[in-house]
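Visitor: Sequential numbering from 28 applies to the sequence shown in the working numbering. Backbone N, C-alpha and C fix where the C-beta goes; we use that ideal spot for every residue, glycine too. Below is one structure. I have some questions about it.
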Amino acid sequence: MKGLAKKSFFGLIVGMAVLGCGMAFAQGMVVDVKPGSCTNPVNTRSRGVLPVAIVGLTESALTVADIDPVTVHIVGVINDDGSDLLFVNPVPAIRSALEDVGSPEDCEAGPDGIDDLILKFKTQDLVSALKTDAADLVTNNNQVTLIFEATLNDGTEAGIDIQIQGTDDILLKVKKQKK
Ligand SMILES: [Ca+2]
Ligand SMILES: [Ca+2]
């Protein structure tokens with residue numbers, strides 16, 4: 028009960044801090060898939076990686092250095108009809124780095140002098156997660172919202188298990204199938 032109350036209180040503080048900046052977000056994290064692009068097209072045949080930035084903020088209780096990079100996962104997707112699909116196996120990032128690539132104000136603005144947490148996800152890991160028994164979301168020009176979740180690495184908070192979330196949209200581009 029105590030833990031739950033603390034968690035909600037923390038979420039409220041982070042939420043208020045981020046809302047104060049007038050930005051779109053789910054709960055705490057400003058996520059920018061493909062920094063520099065606003066439409067975020069994803070070629071579903073790509074064997075490469077999908078770059079994702081958790082954008083650093085000045086006016087927030089949460090800094091990107093507080094996020095434990097190995098805990099960042101794509102945990103699910105919001106369909107265009109508004110229904111949620113949570114992945115049975117959340118998709119982990121394969122690499123991470125602190126680097127300034129984006130700005131919370133504008134998806135095309137580029138670096139703003141504040142470090143962002145850059146994560147690389149294998150495109151094929153994400154595509155596999157989007158094709159489940161329940162639904163195949165991998166269709167051309169389908170726009171879906173990815174849900175990202177992370178845990179903080181602040182040692183004093185360990186055990187409370189605060190979950191930090193953020194979302195961003197991607198536009199699926201299915202190339203011609205061979206055969
Ligand atoms: Ca983007
Ligand atoms: Ca930045």
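Within a Cβ cutoff of 6 Å, which residues of the same chain sit near residue 82, ignoring the five residues on either side of it in sequence?
Guide: The residues are 57, 59, 129, 131, 143.
Visitor: For residue 103, does the count of other Cβ atoms within 10 angstroms reach 16, so buried, or fall short, so exposed?
Guide: Flag for residue 103 reads buried.
Visitor: Can you tell me whether residue 171 is helix, strand or coil according to DSSP?
Guide: The answer is strand: DSSP assigns residue 171 an E or B state.
Visitor: Within 10 angstroms of its Cβ, does residue 61 collect 16 or more other Cβ (buried), or is it exposed?
Guide: Label assigned to residue 61: buried.
Visitor: With respect to the beta strand (DSSP E) encompassing residue 123, which residues constitute its N-terminal and C-terminal limits?
Guide: Element bounds for residue 123: 122 to 126.
Visitor: Judging by CA-CA distance, which residue of 74, 113, 94 is the nearest neighbour of residue 160?
Guide: Here the closest residue by C-alpha is 113.
Visitor: Determine the DSSP secondary structure at residue 162, reduced to helix, strand or coil.
Guide: In the structure shown, residue 162 sits in coil (DSSP, three-state: anything other than H, G, I, E or B).
Visitor: Ligand 2 and residue 130: does the residue's C-beta get closer than 7 Å to at least one heavy atom of that ligand?
Guide: True, at least one ligand heavy atom lies under 7 Å from that Cβ.
Visitor: Considering only residues of the same chain and omitting the five flanking positions on each side of residue 150, which have a CB-CB separation below 8 Å?
Guide: 69, 70, 71, 73, 74, 75, 76, 77.
Visitor: Curious, which full-length alpha helix (DSSP H) runs of at least 4 residues does the stretch 60 to 94 contain?
Guide: DSSP runs (the alpha helix (DSSP H)) wholly in the stretch 60 to 94: none.
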